[in-house]
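Asker: Below are the structure tokens for one structure; questions will follow.
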């Protein structure tokens, strides 16, 4: 298995998403609050994984622009969950770099009752770079 | 023990070249039960069939085995020959020694040996055959159509024109259905009412058609050719025979605040009402939940005003019981609920409407008298956004997994009509794919773009945000430009997915018709029997079978009518005698068989049985041989072996197995 | 009297097997039943009761009677060959041997069952006295002495040695052929063993069961007793009691189509089965109560009526151990005597 | 059955009347050969095949049993082959569990148009059964002589 | 137990039920039998202890035909069987008054005897009231003991749980006895070579005497007349002969109850030859769970058994070769 294929498979595995279910409606990009900040747009995440173009994807700034608000996950009519894909791509990068970016003792001060847990988990990988 | 005659066919050289026919005759002649064996050039010929007749006469045969070509070819021929010779046609079995033997084997010894074994298996089976007689059931020459929309009306008209009585049962106070709510129809843009109303009138006036409006099917029993149906005629509180349809009652009715079902809740109606002006019958009904008389006991204005004295507050629901030979389900569709689609702000802004609501807005008889205006403030919109595929093609639980099929075309229609009538209004359509298969359909869509300048944007809308200034901010994708678009619109129209009418599952259960996970009724065969339900005598017309537009609905309605007429034209139905049958002494009444029966042919009755001296009442499976098609699924589901299939019985098949393996 | 050390039994069995087919208790998949001896058989002399009684050595669960084949256009009938070679059954208990006595009454009286008779004629029984009788045993009630089995040869297993005593001519003959492995022994140890075991027998809970009121003369009275209506109720109508019983002798005759012909065979049947003695007109016992009653009436009333008072129960207790519903002949006997007491 | 020491298996094929039996007919009229060891029993639908029939075939000496029906979704009776599919899956699994060699039983969906598939399937099945040899684990000894 | 008896007496006395279906004290310490009690006095012989393994739900088929209600004592696992019978219209819910009785694991006398304990005259520690630690056993060969858990039926080691799936009222506490992996034994066999599998089942099934105890005790085998007794199917069998019929019988029996078997373990409990018959049924349960999704027969009355159901996306039979 080629490296790209392997990585695409990893993303599919981590995210639990089948990119082939995408019908290319673009609702994810339509719904994304961080759209303008992104170089690769949410609907493209899916096709990057489908086309196994992971190298480009992980270089993308979008990885760190995504707010993990999961609006795209909520609204995707095909259950493709682009937000999960980007999250998986982040993990891929993090795993390769070998560490989290937020240390455990920093968490309490960040905690807020309304903070979705998912955001915190994502934050582990995004901040303190 | 049977007296069996075996007839081995040469089929010219087709069989004889590879199978030693004489040897087969010689070997098979000594099989138990075989009293006659001979060979002949062409068994299917006149002369060959005569040989069977002679042998039956002279050897007093009770069973026949023909070793020849496939039974799919000549089984019917030899059965008829047997019947002419005076023995039951089902005492014939075919050993297929051509397609399954001589044509595929080259070695004559091998082929001969196999032919003998196949013949033996057939002999073993015939030994256990029993004479079978196709059952006969009478056909009530009357059809029932459930649903009075265009599908039901067309089916009823076609059946009635063929000379058969047909009843339409419609749940609402008038026939007409969804089509009566539409303004214009694609791709010709003619007025819906103009083409539908004459059909409604024709149906009402047809001597062979009886229309039960404001009525529902309550109970169905029986089977193909002989259904008995209870129809509940809900009390209208109006004596239809006296009512002249003058409308005075509706004018005077003081209860005017009920949302109008016909106008999709966009306008109001009175408590005593006909849904729309051209309603058929033109007899109002009283909505007891809105009527002041019914709620408080006071009022009674309509009764006072009615010159014909037609208003009768004491009217009760009535049950009509009628017999039918065939039932057509034409219950149509509704749009799905948008409660789960918060992102489109449908429940937040009156200016976000469904396409079906837009039909009412555009219609001269609608809430805005045909003026395109915002429902919030009555202002003329300048910017309209259409969103396609709302709830269609969704694999989540908010929408439907299928394509609703009609939306692309009606959205093009709406866009075109608006641009035609209000050239200063900008129309944007967000689409995923534009699907326009159909005669003149793609041309129609292209006209919307090329001639009328409708702005089609490839991409879905993510969110509609009502603004403080009353505008709607539409946030969507333009996938071709790879941009996120923010557009301020005055109105947003949602091409909402359609789904089968809510009542259809209840009706399907009554009819024992199979239904799929999306609540569409299942066809007997997806390709070859698209207008029939697997349950005999039940037919499908219109969207109840799957999403379709008007021309398709009308074609299918006609097809269903032809199937019904084909059935009603028969005086009696010959039923396949190879049906399942339960041995009442072995049956446990456990329902396993009924669970696997695709035709709902199995029911249970408490039956008094005499089991070797023990008399008791037991729950016993009863197979309705008119419904059973003889698949045999039940025979394997039955653990006790009580259920068996005539013509392919357990013992018969086991005897074939034994003969082949010995 | 002779003896042989336990560890030499393997050689003894091998030697017997040289000239005779040998049947003895063999353990397969955790259960011990009588089976033909093979060199690698897991012989088990420690289990007191085999699951099935050894009656199937003489009266197999299933045996072919004759075979019909088609030859040309004629039917050829080949009767099954009778047993004509000597065989030995090793390890039968006193109750099992009493069971054979019951079967003899049935199969050897006129008309003689030739299949059974041939097996009886060619079989030599080497009995093994009981060492540790169990709570379900009640052979004493039927006059069986489990310490002194009445067979061709009687044996006792005492402290790792098998004591061997021929009792009949057949037994002597077999003993003669085994002399090379046997050594002389005196009877003192055997006598001690007998009286020790007899003491245990006295302590068994069923040993003093009374059969009073059960004989061939009480047919109508017992038959019509309402108690049966209660007793049968837990009965599952399975054939466990019948098939483990050393005296049940009913069989069914069936045909098997082999493809080339028909084998007519007989196999054990159970009066507990709903199709037992099913005839063209139906069944003469069509309720489970009747079937249940039949079994016990037969053992305790009908059989003694026709066989000089001999019961067709030997008190082996297999049904007591094995009935899935915990019913058994003892409970039936007790229920009737309790009723009598009231 | 063995001629010249060559093992000739006994194979029973249950074919549904509407698809597979017609597929076999097509194989015949297209002269697509497969071994004479295969004998076809016509049943209305694959759902008519009782596990008892399959065991009976093995009892009486069959070496392989194959069930052919319409492709899922194409059943003449709409749903018959779906039930057959479950029944056969479980039965085959049980046979495997008690130590019957994998491959002595098979289900194949053959349409009326698939004469080639029918013939290919039978050729392959016979070859596989020949590879497995005689069925000794499921037969009744009384039928062996 | 006294609470149960008192309640039964009450219901019998006030006419709520016409009879009580429970267990009657045996003549050995370990052989209580299923029994009907029709009078308050007769209930003095009622017993409920560790040896009351019998699943009474099947008796309700006959009891449903009687006048009036029958009070039936069901253990948690028995309640699944009752539900299944209800689904199949074999018992009448209105004719049953179900007391869900607590269960602390049921004892297997054969297993206790296999530990070498002979000549049992008394057993203490099998009552439902105590902690179920140790069985103190008096024998004619002296005092013996055996831990409760070592004496338990196989099925109790893989207990489905303490919950009654259907009842009118509950009496008595239950204990969690599950300490083994339910499918471990099936998996062990699945991992064998075909030869080993064949030898294993050959040895086990060669013991079968065709007594039909497994079938007759089985609440799923509720056929009025079994195919193997019926001449209609040409499948009647009586004896275990020549290496095939026992396989045919046990495979078909397991197949007929597949998807309907609640794994109540009665077949294995009653087999006089100690054949682990549950291994057939459990194999089907495992396959069904793995291939068609978890299904618990009898967990809910009216549910549709997997073999009278399907999914268009079901696995193909060839999956067997891939596993």
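Chains as they are written, first to last, in our numbering: chain A, 2 to 130; chain B, 173 to 834; chain C, 660 to 1001; chain D, 159 to 303; chain E, -11 to 311.
From the three backbone atoms N, C-alpha and C, an ideal C-beta is built for every residue, glycine too.
Values in this document were obtained by computation on a predicted structure and should not be read as measured data.
Going along the segment 20 to 40 of chain A in order, which residues come within less than 8 Å of chain B, judged by CB to CB distance?
Answerer: Of all residues in the segment 20 to 40 of chain A, 22, 24, 25, 26, 27, 28, 29, 30, 31, 32, 33, 36, 37 have a Cβ within less than 8 Å of some Cβ in chain B.
Asker: Please say whether residue 750(B) and residue 304(B) have beta carbons closer to each other than 9 Å?
Answerer: Locating residue 304(B) in the second chain gives position 132, counting from the first residue. Locating residue 750(B) in the second chain gives position 578, counting from the first residue. Yes. Within cutoff.
Asker: Provide the residue span of the alpha helix (DSSP H) that contains residue -6(E), from first to last.
Answerer: The count along the fifth chain starts at 1 and reaches residue -6(E) at position 6. From DSSP, the alpha helix (DSSP H) with residue -6(E) extends over -10 to 1.
Asker: If we ignore side chains and look at the alpha-carbon of each, how far apart do residue 130(A) and residue 71(A) end up?
Answerer: Looking up residue 130(A) in the first chain gives position 129. Looking up residue 71(A) in the first chain gives position 70. Low local confidence applies: a pLDDT of 41 at residue 130(A) is under 50, so the model's placement there is unreliable, with the coordinate-based value given in what follows. Approximately 23 Å between the Cα atoms of the pair.
Asker: So residue 244(E) contacts chain B; which residues on that side make the cut at Cβ distance below 7 Å?
Answerer: Working through the fifth chain from its first residue, we reach residue 244(E) at position 256. Neighbours of residue 244(E) on chain B, chain order: 811.
Asker: Would DSSP call residue 211(B) helix, strand or coil?
Answerer: By one-based count along the second chain, residue 211(B) stands at place 39. Strand at residue 211(B).
Asker: Does the Cβ of residue 160(D) have 16 or more other Cβ atoms within 10 Å, making it buried, or fewer, making it exposed?
Answerer: The count along the fourth chain starts at 1 and reaches residue 160(D) at position 2. Since pLDDT at residue 160(D) reaches only 44, below the 50 mark, its modelled position is unreliable, and no value is offered.
Asker: Secondary structure at residue 50(A), three-state DSSP: helix, strand or coil?
Answerer: For this step, residue 50(A) is matched to residue 49 along the first chain. It is helical.
Asker: When Cβ atoms are compared, which residues of the segment 197 to 213 of chain E fall closer than 7 Å to chain B?
Answerer: Here the close residues are 210, 211, 212, 213.
Asker: Looking at the structure shown, is residue 129(A) part of a helix, part of a strand, or coil, going by DSSP?
Answerer: As a position in the first chain, residue 129(A) is number 128, starting the count at 1. Bear in mind that the predicted position of residue 129(A) carries a pLDDT of just 48, short of 50, making it unreliable; the figure below should be weighed with that in mind. Reduced to three states, the DSSP call for residue 129(A) is coil.
Asker: Roughly how many angstroms separate the alpha carbons of residue 226(E) and residue 193(E), rounded to a whole number?
Answerer: For the purposes of this step, residue 226(E) is taken as the residue at position 238 of the fifth chain. For the purposes of this step, residue 193(E) is taken as the residue at position 205 of the fifth chain. Roughly 15 Å between the two C-alpha positions.
Asker: Give me the Cα-Cα distance between residue 231(D) and residue 311(E), rounded to the nearest whole angstrom.
Answerer: Indexing the fourth chain from 1 puts residue 231(D) at position 73. Indexing the fifth chain from 1 puts residue 311(E) at position 323. Straight-line Cα distance between these residues: approximately 25 Å.
Asker: Taking the continuous beta strand (DSSP E) assigned at residue 399(B), which residues delimit it?
Answerer: Here residue 399(B) refers to the residue found at position 227 of the second chain. Looking at the DSSP string, the run of the beta strand (DSSP E) that includes residue 399(B) is 398 to 405.
Asker: Mind checking the segment 910 to 930 of chain C against chain D and listing, in chain order, the residues whose C-beta falls within less than 7 Å of any C-beta there?
Answerer: Listed by position, the residues of the segment 910 to 930 of chain C near chain D (Cβ gap below 7 Å) are 915, 917, 918, 922.
Asker: What are the residues of the segment 223 to 240 of chain D that lie near chain B, defined by any Cβ-Cβ distance shorter than 7 Å?
Answerer: Within the segment 223 to 240 of chain D, the qualifying residues are 235, 236, 237, 238.
Asker: What does DSSP give as the partner residue(s) for residue 704(B) in the beta ladder?
Answerer: Indexing the second chain from 1 puts residue 704(B) at position 532. Per DSSP, 711(B).
Asker: Run down chain E in chain order and give the residues with a C-beta less than 8 Å from the C-beta of residue 695(B).
Answerer: Your numbering for residue 695(B) matches position 523 in the second chain. Per Cβ cutoff of 8 Å: no residues; residue 695(B) is ~15 Å from chain E at best.
Asker: Take residue 751(C) and list the residues in its own chain whose beta-carbon comes closer than 6 Å to its own, dropping the five residues that flank it on each side.
Answerer: In the third chain, residue 751(C) corresponds to position 92, counting from 1. 713, 784, 786.
Asker: Below 9 Å on C-beta distance, what does residue 833(B) contact in chain D?
Answerer: The residue you call residue 833(B) lines up with position 661 of the second chain. Those are 168, 170, 197, 214, 215, 216, 217, 218, 219, 220, 301, listed as they occur along chain D.
Asker: Can you name the residues of chain B whose CB is closer than 8 Å to the CB of residue 732(C)?
Answerer: For the purposes of this step, residue 732(C) is taken as residue 73 along the third chain, with counting starting at 1. What residue 732(C) touches in chain B: 202.
Asker: So with CB distances below 9 Å, who are the chain B contacts of residue 945(C)?
Answerer: Taking the third chain and counting its residues from 1, one reaches residue 945(C) at position 286. The contacting residues are 783, 784, 785, 786.
Asker: I need the straight-line Cα distance from residue 819(C) to residue 666(C), nearest angstrom please.
Answerer: Position 160 of the third chain, counting from 1, holds the residue named residue 819(C). Position 7 of the third chain, counting from 1, holds the residue named residue 666(C). Distance between the alpha carbons of residue 819(C) and residue 666(C) is about 8 Å.
Asker: Can you have a look at residue 294(D) and say buried or exposed, based on whether 16 or more other CB atoms are within 10 angstroms of its CB?
Answerer: Walking along the fourth chain from the start, residue 294(D) turns up at place 136. By the 10 Å Cβ count, residue 294(D) comes out exposed.
Asker: Just tell me which of 142(E), 125(E), 254(E), 247(E) has its CA closest to the CA of residue 281(E).
Answerer: Position 293 of the fifth chain holds residue 281(E). Of 142(E), 125(E), 254(E), 247(E), the residue nearest in Cα terms is 247(E).
Asker: For the alpha helix (DSSP H) that contains residue 829(C), what are its first and last residues?
Answerer: For this step, residue 829(C) is matched to residue 170 along the third chain. Element bounds for residue 829(C): 828 to 837.
Asker: So what's residue 88(A) in DSSP terms, helix, strand or just coil?
Answerer: Locating residue 88(A) in the first chain gives position 87, counting from the first residue. Here residue 88(A) sits in helix by DSSP.
Asker: On a CA-only basis, which of 551(B), 599(B), 418(B), 427(B) is nearest residue 455(B)? Give me that one, please.
Answerer: Translated into the one-based positions of the second chain, residue 455(B) becomes position 283. Comparing Cα positions, the closest option is 418(B).
Asker: Does residue 217(E) come within less than 9 Å of chain D when only Cβ atoms are used?
Answerer: Residue numbering aside, residue 217(E) sits at position 229 when the fifth chain is read from its first letter. No - not a single Cβ of chain D is within 9 Å of the one on residue 217(E).
Asker: Closer than 7 Å, Cβ to any Cβ of chain C: which residues of the segment 818 to 833 of chain B, in chain order?
Answerer: Here the close residues are 830, 833.
Asker: With three or more beta-carbon pairs closer than 8 Å as the criterion, would you say the segment 20 to 27 of chain E touches the segment 180 to 190 of chain E?
Answerer: Counting Cβ pairs under 8 Å, fewer than three are found: no touch.
Asker: So residue 135(E) is in the beta strand (DSSP E); what residue range does that whole segment cover?
Answerer: On the fifth chain, residue 135(E) is found 147 positions in, with the first residue counted as 1. Counting along the chain, the beta strand (DSSP E) containing residue 135(E) begins and ends at 130 to 135.
Asker: Taking 9 Å as the CB-CB limit, is residue 71(E) close to chain B?
Answerer: Here residue 71(E) refers to the residue found at position 83 of the fifth chain. So, not an interface residue.
Asker: Note down, in chain order, every chain E residue with its Cβ under 7 Å from the Cβ of residue 763(B).
Answerer: To locate residue 763(B), count along the second chain from 1; it is residue 591. Residues of chain E passing the Cβ test: 76, 77.
Asker: Taking the continuous alpha helix (DSSP H) assigned at residue 190(E), which residues delimit it?
Answerer: Taking the fifth chain and counting its residues from 1, one reaches residue 190(E) at position 202. It spans 182 to 194 - the alpha helix (DSSP H) in which residue 190(E) sits, taken as one unbroken run.
Asker: Is any beta-carbon of chain C found at less than 9 Å from that of residue 254(D)?
Answerer: For this step, residue 254(D) is matched to residue 96 along the fourth chain. False, the Cβ-Cβ gap to chain C never drops below 9 Å.
Asker: Report the three-state DSSP secondary structure of residue 664(C) (helix, strand or coil).
Answerer: On the third chain, position 5 is the one that residue 664(C) refers to. Correct three-state label for residue 664(C): strand.
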